[in-house]
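Under this note's numbering, think of the first position of the sequence shown as 158, with each following residue one higher. Backbone N, C-alpha and C fix where the C-beta goes; we use that ideal spot for every residue, glycine too. Predicted, not measured: the structure shown is a model, and the values here were computed from it. These notes concern the structure reproduced below.
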Amino acid sequence: MASLKKKKSGGGGANWMDTYGDMVTLLLCFFVLLYSISSIDEQKWMWVVKSFNENAALNDDAPEGPEGEQNLGGGNDMPMTQNEINEVFDTLYEYIAEYAAQQDSASITVSEGDGMVFISFSDSLFFDGDRYALRKEGQAALDAILPALEQAAPYINEIRVLGHTATALSNTYNARKDRTLASNRANEVLVYLLEHSDVLDPARLISLGYGQWRPVAPNDVESERAKNRRVELIITGEDLEDALSDSVAQYYTETGQSQPGAEGELPADAPLPAVTQP
(Lines of atoms letter the chains of each structure in order from A and count residues from 1; the text may use other names and numbers.)
(Lines give C-alpha, C1' and ligand atoms only; values in the text may rest on other atoms or scores of the structure.)
Protein backbone atom coordinates (compact mmCIF):
# COMPACT_ATOMS: atom_id res chain seq x y z
CA MET A 1 0.00 0.00 0.00
CA ALA A 2 1.41 3.27 -1.03
CA SER A 3 2.37 5.53 1.86
CA LEU A 4 0.87 9.00 2.14
CA LYS A 5 3.35 11.84 1.71
CA LYS A 6 3.01 15.28 3.28
CA LYS A 7 2.36 18.03 0.80
CA LYS A 8 5.11 20.58 1.06
CA SER A 9 4.11 24.23 1.28
CA GLY A 10 5.30 26.59 -1.39
CA GLY A 11 8.18 29.02 -0.88
CA GLY A 12 5.99 32.19 -0.94
CA GLY A 13 4.74 34.11 2.11
CA ALA A 14 1.33 33.90 3.68
CA ASN A 15 -1.64 35.23 1.70
CA TRP A 16 -2.24 38.10 4.18
CA MET A 17 1.05 39.71 3.14
CA ASP A 18 -0.31 40.29 -0.37
CA THR A 19 -3.30 42.14 1.03
CA TYR A 20 -1.09 44.13 3.42
CA GLY A 21 1.27 45.14 0.61
CA ASP A 22 -1.64 46.34 -1.54
CA MET A 23 -2.99 48.42 1.37
CA VAL A 24 0.37 50.11 2.03
CA THR A 25 0.72 50.93 -1.66
CA LEU A 26 -2.74 52.47 -1.74
CA LEU A 27 -1.97 54.52 1.37
CA LEU A 28 1.23 55.77 -0.22
CA CYS A 29 -0.68 56.82 -3.32
CA PHE A 30 -3.28 58.54 -1.15
CA PHE A 31 -0.69 60.63 0.73
CA VAL A 32 1.13 61.51 -2.49
CA LEU A 33 -2.20 62.75 -3.85
CA LEU A 34 -2.84 64.82 -0.73
CA TYR A 35 0.63 66.31 -0.93
CA SER A 36 0.22 67.17 -4.62
CA ILE A 37 -2.94 69.23 -3.98
CA SER A 38 -1.78 70.85 -0.73
CA SER A 39 0.04 74.14 -0.20
CA ILE A 40 3.06 74.24 2.09
CA ASP A 41 3.54 77.12 4.52
CA GLU A 42 7.27 77.74 4.24
CA GLN A 43 7.65 79.42 7.62
CA LYS A 44 5.77 76.69 9.49
CA TRP A 45 7.79 74.04 7.69
CA MET A 46 11.04 75.73 8.76
CA TRP A 47 9.79 76.00 12.36
CA VAL A 48 8.99 72.27 12.38
CA VAL A 49 12.39 71.35 10.92
CA LYS A 50 14.23 73.60 13.36
CA SER A 51 12.29 72.17 16.31
CA PHE A 52 13.79 68.75 15.52
CA ASN A 53 17.22 69.89 14.39
CA GLU A 54 18.56 73.32 15.31
CA ASN A 55 21.49 72.86 12.90
CA ALA A 56 19.34 72.16 9.88
CA ALA A 57 20.56 74.11 6.85
CA LEU A 58 17.74 76.37 5.69
CA ASN A 59 17.72 79.46 3.53
CA ASP A 60 18.49 82.94 4.86
CA ASP A 61 14.83 83.95 4.83
CA ALA A 62 14.06 82.01 8.02
CA PRO A 63 11.84 83.94 10.47
CA GLU A 64 13.75 86.00 12.95
CA GLY A 65 13.58 86.02 16.74
CA PRO A 66 12.57 88.98 18.93
CA GLU A 67 16.01 90.57 18.85
CA GLY A 68 16.38 90.38 15.06
CA GLU A 69 18.50 87.22 15.12
CA GLN A 70 17.50 83.83 13.83
CA ASN A 71 16.29 81.93 16.87
CA LEU A 72 14.06 78.98 16.07
CA GLY A 73 15.28 76.38 18.50
CA GLY A 74 12.72 74.56 20.60
CA GLY A 75 9.70 76.24 19.00
CA ASN A 76 9.75 79.28 21.30
CA ASP A 77 9.23 81.63 18.36
CA MET A 78 6.19 79.95 16.87
CA PRO A 79 3.39 82.34 15.82
CA MET A 80 1.57 83.96 18.71
CA THR A 81 -1.76 82.58 19.83
CA GLN A 82 -4.83 84.42 21.09
CA ASN A 83 -4.31 82.93 24.55
CA GLU A 84 -0.78 84.34 24.63
CA ILE A 85 -2.09 87.79 23.67
CA ASN A 86 -4.73 87.64 26.41
CA GLU A 87 -2.16 86.56 28.99
CA VAL A 88 0.17 89.40 28.02
CA PHE A 89 -2.65 91.92 28.38
CA ASP A 90 -3.61 90.51 31.76
CA THR A 91 -0.02 90.97 32.89
CA LEU A 92 0.11 94.46 31.36
CA TYR A 93 -2.99 95.43 33.32
CA GLU A 94 -1.58 94.02 36.58
CA TYR A 95 1.71 95.85 36.00
CA ILE A 96 0.06 99.25 35.48
CA ALA A 97 -2.58 98.69 38.18
CA GLU A 98 0.17 97.96 40.71
CA TYR A 99 1.94 101.19 39.76
CA ALA A 100 -1.32 103.17 39.96
CA ALA A 101 -2.04 101.75 43.42
CA GLN A 102 1.22 103.23 44.64
CA GLN A 103 0.26 106.71 43.39
CA ASP A 104 -2.50 109.14 44.26
CA SER A 105 -5.72 107.23 43.52
CA ALA A 106 -7.26 110.34 41.98
CA SER A 107 -4.45 110.86 39.45
CA ILE A 108 -4.37 107.45 37.73
CA THR A 109 -7.13 104.91 37.22
CA VAL A 110 -6.77 101.62 35.35
CA SER A 111 -9.35 99.15 34.10
CA GLU A 112 -9.33 96.06 31.89
CA GLY A 113 -11.78 95.08 29.18
CA ASP A 114 -12.06 92.40 26.53
CA GLY A 115 -8.70 92.57 24.79
CA MET A 116 -7.88 96.06 26.04
CA VAL A 117 -6.37 98.04 28.90
CA PHE A 118 -7.75 101.50 29.73
CA ILE A 119 -5.72 104.13 31.64
CA SER A 120 -6.97 107.55 32.69
CA PHE A 121 -4.57 110.27 33.90
CA SER A 122 -5.82 113.39 35.61
CA ASP A 123 -5.12 116.62 33.78
CA SER A 124 -3.28 118.06 36.78
CA LEU A 125 -0.75 115.20 36.69
CA PHE A 126 0.28 115.96 33.13
CA PHE A 127 -0.35 119.66 32.50
CA ASP A 128 -0.76 123.06 34.09
CA GLY A 129 -4.01 124.94 33.52
CA ASP A 130 -4.65 125.81 29.86
CA ARG A 131 -1.18 124.52 28.95
CA TYR A 132 -0.01 121.47 27.02
CA ALA A 133 3.65 121.26 28.03
CA LEU A 134 4.11 117.91 29.78
CA ARG A 135 4.99 118.29 33.47
CA LYS A 136 7.77 116.30 35.12
CA GLU A 137 5.19 114.34 37.11
CA GLY A 138 3.53 113.30 33.88
CA GLN A 139 6.86 112.32 32.36
CA ALA A 140 7.62 110.16 35.40
CA ALA A 141 4.26 108.40 35.06
CA LEU A 142 4.89 107.64 31.39
CA ASP A 143 8.43 106.46 32.17
CA ALA A 144 6.97 104.02 34.70
CA ILE A 145 4.54 102.34 32.29
CA LEU A 146 6.70 102.51 29.16
CA PRO A 147 8.71 99.30 29.88
CA ALA A 148 5.47 97.34 30.14
CA LEU A 149 4.19 98.82 26.87
CA GLU A 150 7.44 97.91 25.14
CA GLN A 151 7.31 94.31 26.35
CA ALA A 152 3.74 93.99 25.10
CA ALA A 153 4.43 95.86 21.83
CA PRO A 154 4.24 92.83 19.45
CA TYR A 155 0.81 91.98 20.82
CA ILE A 156 -0.58 95.53 20.63
CA ASN A 157 -2.96 96.44 17.85
CA GLU A 158 -3.29 100.12 18.71
CA ILE A 159 -2.59 102.70 21.41
CA ARG A 160 -5.01 105.62 21.38
CA VAL A 161 -4.13 108.76 23.31
CA LEU A 162 -7.25 110.82 24.03
CA GLY A 163 -7.25 114.44 25.22
CA HIS A 164 -10.23 115.88 27.12
CA THR A 165 -11.12 119.28 28.54
CA ALA A 166 -13.93 120.59 30.74
CA THR A 167 -16.70 123.05 29.90
CA ALA A 168 -15.52 126.64 30.24
CA LEU A 169 -17.03 128.70 33.06
CA SER A 170 -18.05 131.42 30.62
CA ASN A 171 -21.01 130.90 28.34
CA THR A 172 -18.84 131.50 25.30
CA TYR A 173 -17.50 128.39 23.67
CA ASN A 174 -14.26 128.74 21.74
CA ALA A 175 -14.11 125.69 19.50
CA ARG A 176 -10.59 126.43 18.25
CA LYS A 177 -9.13 126.81 21.74
CA ASP A 178 -10.99 123.81 23.14
CA ARG A 179 -10.13 121.35 20.37
CA THR A 180 -6.58 122.62 19.90
CA LEU A 181 -5.77 122.31 23.61
CA ALA A 182 -7.18 118.79 23.80
CA SER A 183 -5.37 117.69 20.62
CA ASN A 184 -2.06 119.26 21.67
CA ARG A 185 -2.19 117.50 25.03
CA ALA A 186 -2.84 114.14 23.41
CA ASN A 187 -0.04 114.79 20.91
CA GLU A 188 2.42 115.69 23.67
CA VAL A 189 1.82 112.36 25.40
CA LEU A 190 2.10 110.43 22.14
CA VAL A 191 5.29 112.20 21.08
CA TYR A 192 6.87 111.60 24.50
CA LEU A 193 6.22 107.86 24.17
CA LEU A 194 7.76 107.76 20.70
CA GLU A 195 10.77 109.87 21.64
CA HIS A 196 11.58 107.57 24.53
CA SER A 197 10.97 104.21 22.84
CA ASP A 198 12.54 102.45 19.87
CA VAL A 199 10.17 99.50 20.29
CA LEU A 200 6.65 100.94 19.98
CA ASP A 201 5.38 100.98 16.41
CA PRO A 202 4.56 104.60 15.41
CA ALA A 203 1.92 103.31 12.96
CA ARG A 204 -0.04 101.91 15.91
CA LEU A 205 -0.10 105.10 17.98
CA ILE A 206 -2.75 107.73 17.30
CA SER A 207 -3.90 110.82 19.19
CA LEU A 208 -7.38 112.33 19.36
CA GLY A 209 -8.62 115.58 20.86
CA TYR A 210 -12.21 115.28 22.07
CA GLY A 211 -12.33 118.64 23.80
CA GLN A 212 -15.17 119.00 26.30
CA TRP A 213 -17.60 116.78 24.46
CA ARG A 214 -17.10 113.45 26.23
CA PRO A 215 -17.42 114.31 29.93
CA VAL A 216 -17.48 111.69 32.69
CA ALA A 217 -18.89 114.01 35.36
CA PRO A 218 -21.14 117.09 35.62
CA ASN A 219 -19.55 120.47 34.93
CA ASP A 220 -21.45 122.54 37.51
CA VAL A 221 -18.99 121.92 40.38
CA GLU A 222 -15.23 122.47 40.11
CA SER A 223 -14.39 119.17 41.80
CA GLU A 224 -16.50 117.39 39.19
CA ARG A 225 -15.21 119.49 36.30
CA ALA A 226 -11.68 118.44 37.24
CA LYS A 227 -12.62 114.82 36.46
CA ASN A 228 -13.41 115.80 32.89
CA ARG A 229 -9.95 117.32 32.32
CA ARG A 230 -7.98 114.18 31.64
CA VAL A 231 -5.78 112.21 29.23
CA GLU A 232 -6.65 108.60 28.46
CA LEU A 233 -4.78 105.69 26.92
CA ILE A 234 -6.74 102.87 25.31
CA ILE A 235 -4.44 99.93 24.51
CA THR A 236 -6.02 97.22 22.39
CA GLY A 237 -4.59 93.81 21.58
CA GLU A 238 -4.44 91.87 18.34
CA ASP A 239 -7.46 89.75 17.44
CA LEU A 240 -6.14 86.78 15.48
CA GLU A 241 -9.64 85.57 14.64
CA ASP A 242 -10.37 88.74 12.66
CA ALA A 243 -7.61 89.93 10.34
CA LEU A 244 -9.37 93.25 9.70
CA SER A 245 -9.41 94.08 13.41
CA ASP A 246 -5.76 95.02 12.86
CA SER A 247 -5.87 98.83 12.73
CA VAL A 248 -3.08 99.17 10.16
CA ALA A 249 -4.48 96.53 7.81
CA GLN A 250 -7.97 97.98 8.23
CA TYR A 251 -6.75 101.41 7.15
CA TYR A 252 -5.36 100.10 3.88
CA THR A 253 -8.45 97.98 3.29
CA GLU A 254 -10.92 100.82 3.90
CA THR A 255 -9.00 103.30 1.76
CA GLY A 256 -8.37 100.80 -1.04
CA GLN A 257 -4.65 101.44 -0.97
CA SER A 258 -1.91 98.82 -1.03
CA GLN A 259 0.15 98.28 2.10
CA PRO A 260 3.89 98.61 1.38
CA GLY A 261 5.69 95.30 1.77
CA ALA A 262 2.52 93.34 2.48
CA GLU A 263 2.50 91.30 -0.77
CA GLY A 264 -0.98 90.05 -0.02
CA GLU A 265 -0.25 89.00 3.55
CA LEU A 266 -0.41 90.80 6.86
CA PRO A 267 3.00 91.26 8.49
CA ALA A 268 3.60 89.00 11.48
CA ASP A 269 5.57 90.38 14.43
CA ALA A 270 7.73 87.99 16.40
CA PRO A 271 6.47 87.70 20.01
CA LEU A 272 8.53 88.98 22.93
CA PRO A 273 8.63 87.41 26.41
CA ALA A 274 5.74 88.20 28.72
CA VAL A 275 5.79 91.43 30.70
CA THR A 276 7.78 91.08 33.91
CA GLN A 277 7.38 93.13 37.03
CA PRO A 278 10.33 95.41 37.83
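Relative to the alpha-carbon of residue i, which residue among the options has its alpha-carbon at the smallest distance?
{"i": "residue 255", "options": "319, 244 and 276", "result": "276"}
{"i": "residue 250", "options": "272, 261 and 238", "result": "272"}
{"i": "residue 253", "options": "381, 345 and 392", "result": "392"}
{"i": "residue 274", "options": "313, 301 and 297", "result": "313"}
{"i": "residue 390", "options": "344, 399, 241 and 180", "result": "344"}
{"i": "residue 323", "options": "243, 382 and 241", "result": "382"}
{"i": "residue 356", "options": "305, 379 and 242", "result": "305"}
{"i": "residue 358", "options": "303, 380 and 370", "result": "303"}
{"i": "residue 289", "options": "340, 243, 180 and 173", "result": "340"}
{"i": "residue 370", "options": "400, 332 and 380", "result": "332"}
{"i": "residue 269", "options": "243, 263 and 261", "result": "243"}
Using beta-carbon positions only, say whether residue i and residue j come within less than 8 Å of one another.
{"i": "residue 361", "j": "residue 405", "result": "yes"}
{"i": "residue 295", "j": "residue 366", "result": "no"}
{"i": "residue 409", "j": "residue 402", "result": "no"}
{"i": "residue 387", "j": "residue 280", "result": "yes"}
{"i": "residue 299", "j": "residue 267", "result": "no"}
{"i": "residue 363", "j": "residue 315", "result": "yes"}
{"i": "residue 265", "j": "residue 283", "result": "no"}
{"i": "residue 286", "j": "residue 336", "result": "no"}
{"i": "residue 309", "j": "residue 373", "result": "no"}
{"i": "residue 397", "j": "residue 239", "result": "yes"}
Where do the ends of the beta strand (DSSP E) carrying residue i lie?
{"i": "residue 387", "result": "387 to 394"}
{"i": "residue 268", "result": "265 to 270"}
{"i": "residue 357", "result": "Counting along the chain, residue 357 falls outside any beta strand (DSSP E), and DSSP gives it neither H nor E."}
{"i": "residue 275", "result": "273 to 279"}
{"i": "residue 319", "result": "313 to 321"}
Counting along the chain, where does the alpha helix (DSSP H) carrying residue i start and finish?
{"i": "residue 303", "result": "293 to 309"}
{"i": "residue 350", "result": "332 to 352"}
{"i": "residue 410", "result": "404 to 412"}
{"i": "residue 245", "result": "239 to 258"}
For residue i, count neighbouring Cβ atoms within 10 angstroms of its own Cβ and tell me buried if that reaches 16, exposed if not.
{"i": "residue 338", "result": "buried"}
{"i": "residue 311", "result": "buried"}
{"i": "residue 194", "result": "exposed"}
{"i": "residue 224", "result": "For residue 224, the pLDDT reaches just 41, beneath the cut-off of 50, and the residue's location in the model is therefore unreliable, leaving the point undetermined."}
{"i": "residue 342", "result": "buried"}
{"i": "residue 377", "result": "exposed"}
{"i": "residue 384", "result": "buried"}
{"i": "residue 394", "result": "buried"}
{"i": "residue 185", "result": "exposed"}
{"i": "residue 257", "result": "buried"}
{"i": "residue 291", "result": "buried"}
{"i": "residue 189", "result": "exposed"}
So, is the C-beta of residue i closer than 8 Å to a C-beta in chain C?
{"i": "residue 322", "result": "In the structure shown, chain C cannot be found, because there is only a single protein chain."}
Does the contact criterion of 3 or more C-beta pairs under 8 Å hold for the segment 347 to 364 versus the segment 326 to 338? Counting Cβ pairs under 8 Å, fewer than three are found: no touch.
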